[in-house]
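Chemist: This is the structure I want to talk about, given as structure tokens.
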Amino acid sequence: MIIAIPRETVPGERRVALVAESVKRLVGRKHEVVVESGAGLGAECSDEEFHAAGARIEPSTDALYAKAEVLLKIQPPDDAEVERLRPDSVLVSLAYPLANPALARAVAKRRVTLLAADMVPRTTLAQMMDVLSSQATIAGYRAVVLAAEALPRLFPMLMTAAGTIPPAKVLVLGAGVAGLQAIATARRLGAVVEAYDVRKVVKEQVESLGARFVNIDIEDAAGSGGYAKELGEEARRKQAEVLAQHVAKSDAVITTAQIPGRRAPVLLPADMVRRMKSGSVVVDIAAEQGGNCELTRVGERYRTDFGVTIVGERNLPSQLSVHASAMYSRNMEKLLAHVTDKDNVLKLDVSDEIVKGMLITRGGEVVHPAVADVAMREG
Ligand code: NAD
């Protein structure tokens, strides 16, 4: 199989879909890997390293796309990239097809098979291919590092000859993959951590990381596939009432709450942020999904006129491009192993749960029922 790795073109994207270590293993399994010249530079992976791992380096983008039997990418392809896709090839990348069915239709029109990396089922079997989890882990860690950097205080408690410094108080809202990693990271830095999630099942996980779970007396909002459901109005009001007290006494709030296919819920309205101490920090991991904080400005970090710094930076995983790429790359390797037979030939078994979840287009059609449905409704 000829596996091609293009250079990512979205501004600020530093990750690459395969790293040299994975290339070596794939070449060892008799695949050919072609890497666009410079594709790994943002992740500190040079053409020489890729070459030494057994890849061919291709200077021309057009030639790379023309050679690809399987194209591995991170960001969804833009129009120019879609135009370059080789008919009858397979594309694996983030695609958000439920939010962007037009892309699915355009890819289908090119007769390209799309496996959307973000549609991986959240099951134990799929865990090793789950880029949502690997990248959320990085985002959770990075968010705490950003908070620690922006906070004009220490995180750990220090008892020194120059006095005793109390530990920072960190509140993590949403204890999914990113939130749990944020809790663990903030604890490692010595902060006192509280966390809250609408799915009560995470209470134990939160506590096992040494954080306190904030209990709010509303119905459990665990939905299907382990994801959360949207809350009703009364529950949202109760939630806001309790959270306001915890937010006000926190030095840093890390927000990670998301609901699949919806705008991220607003957990920090402006008046709640106004009651935080001057110098406090909010890091909103959900910024690109609409933001959990009403005052977040997507892609920006700024200090409000009342002294709270709000970080709404995009694409936190890309800021740690080396390990984000290494983890994405490992996910891709496992996915390729899952969809190839013992002779390393691609075989998409549509009765397989993982393939069924991720397969969006095939044979010129949008084949994923939920995506086809949205595509049809949007005309
Ligand atoms: P996510 O990014 O969709 O959401 C982040 C968190 O926000 C979730 O924990 C969610 O419950 C929470 N949330 C939503 N609305 C909220 C609100 N109003 N207030 C507070 N919190 C709110 O979630 P995720 O990190 O992608 O994880 C989703 C699920 O998938 C979890 O149950 C996780 O354990 C599960 N998961 C399973 C596997 C696996 O078994 N392979 C892998 C990864 C994740």
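Taking the numbering used here, the leading residue of the sequence shown gets 441, the next gets one more, and so forth. No residue lacks a Cβ here, since even glycine has one placed at the ideal position from N, Cα and C. This structure is a prediction, so every number in the text was calculated from the model and none was measured.
For the putative contact between T625 and Y581, defined by C-beta atoms under 8 Å, what is the C-beta separation to the nearest angstrom?
Modeler: Contact holds; Cβ gap of about 5 Å.
Chemist: Just to confirm the assignment: which complete beta strand (DSSP E) runs, minimum length 3, are found wholly within the stretch 608-673?
Modeler: Complete beta strand (DSSP E) runs here, min 3: 609-613 and 632-636.
Chemist: When you compare the stretch 738-757 with the stretch 715-726, are there three or more beta-carbon pairs, one atom per stretch, that lie closer than 8 Å?
Modeler: Result yes; three or more Cβ-Cβ pairs closer than 8 Å.
Chemist: Under the three-state reduction of DSSP, which class applies to G603: helix, strand or coil?
Modeler: DSSP places G603 in strand when its eight states are reduced to three.
Chemist: Among residues of its own chain, excluding the 5 on either side of R715, which ones have a beta-carbon nearer than 8 Å to its beta-carbon?
Modeler: The answer, listed in chain order, is A684, V687 and A688.
Chemist: By DSSP, does E476 sit in helix, in strand, or in coil?
Modeler: Strand.
Chemist: Here's the rule I'm using: 16 or more other beta-carbon atoms within 10 Å means buried, otherwise exposed. How should T553 be labelled?
Modeler: Label assigned to T553: buried.
Chemist: Using three-state DSSP, classify L512 as helix, strand or coil.
Modeler: Of the three classes helix, strand and coil, the one that applies to L512 here is strand, per DSSP.
Chemist: Among R550, P541 and M767, which has the Cα closest to the Cα of L531?
Modeler: The option with the nearest alpha carbon to L531 is R550.
Chemist: Would you kindly report the start and end of the unbroken alpha helix (DSSP H) that includes A727?
Modeler: Neither: A727 is in no alpha helix (DSSP H) and is coded neither H nor E.
Chemist: Would you call the stretch 612-620 and the stretch 782-797 in contact, with 3 or more CB pairs under 8 Å?
Modeler: The stretch 612-620 is not in contact with the stretch 782-797.
Chemist: What's the call for A587, buried or exposed, on a 16-neighbour Cβ count within 10 Å?
Modeler: Label assigned to A587: buried.
Chemist: Have a look at S500, A727, V682 and V459 and flag the residue whose alpha-carbon is nearest the alpha-carbon of T696.
Modeler: For the residues S500, A727, V682 and V459, the minimum Cα distance to T696 belongs to A727.
Chemist: Within the continuous beta strand (DSSP E) that includes V552, where are the two ends?
Modeler: Unbroken run through V552: none, as it is neither H nor E.
Chemist: Among residues of its own chain, excluding the 5 on either side of A576, which ones have a beta-carbon nearer than 6 Å to its beta-carbon?
Modeler: Closer than 6 Å at Cβ, skipping near neighbours: V617 and A618.
Chemist: Going by beta carbon distance, what residues of the same chain come within less than 6 Å of S718, once the five residues before and after it are set aside?
Modeler: For S718, where only same-chain residues beyond five positions count, the Cβ hits under 6 Å are G747.
Chemist: Here's a check: name, in chain order, each residue in its chain whose Cβ is nearer than 7 Å to the Cβ of V522, leaving out the five neighbours to either side.
Modeler: Closer than 7 Å at the Cβ level, and outside the excluded window around V522, lie A546, V547 and R550.
Chemist: Given T501, which residues of its chain have a CB within under 8 Å of its CB, disregarding the five upstream and five downstream residues?
Modeler: Answer for T501: P446, R447, E476 and R524, listed in chain order.
Chemist: Short of 7 Å in beta carbon distance, which residues of its chain neighbour V806, apart from the five on each side in sequence? Order them along the chain.
Modeler: Answer for V806: A544, R545, A548, I800, A812 and A815, listed in chain order.
Chemist: Can you give the Cα-Cα distance for I699 and F653, rounded to whole angstroms?
Modeler: Roughly 20 Å separates the two Cα atoms.
Chemist: Mind checking whether the beta-carbon of D570 lies closer than 7 Å to any heavy atom of the ligand NAD?
Modeler: Yes.
Chemist: Return yes when the Cβ of V456 is within less than 8 Å of the Cβ of G482, no when it is not.
Modeler: It is a contact, given that the beta carbons lie within the stated cut-off.
Chemist: Could you give the uninterrupted runs of the beta strand (DSSP E) lying entirely in the stretch 735-769, keeping only those of 3 residues or more?
Modeler: The stretch 735-769 contains these whole beta strand (DSSP E) runs: 741-743 and 749-751.
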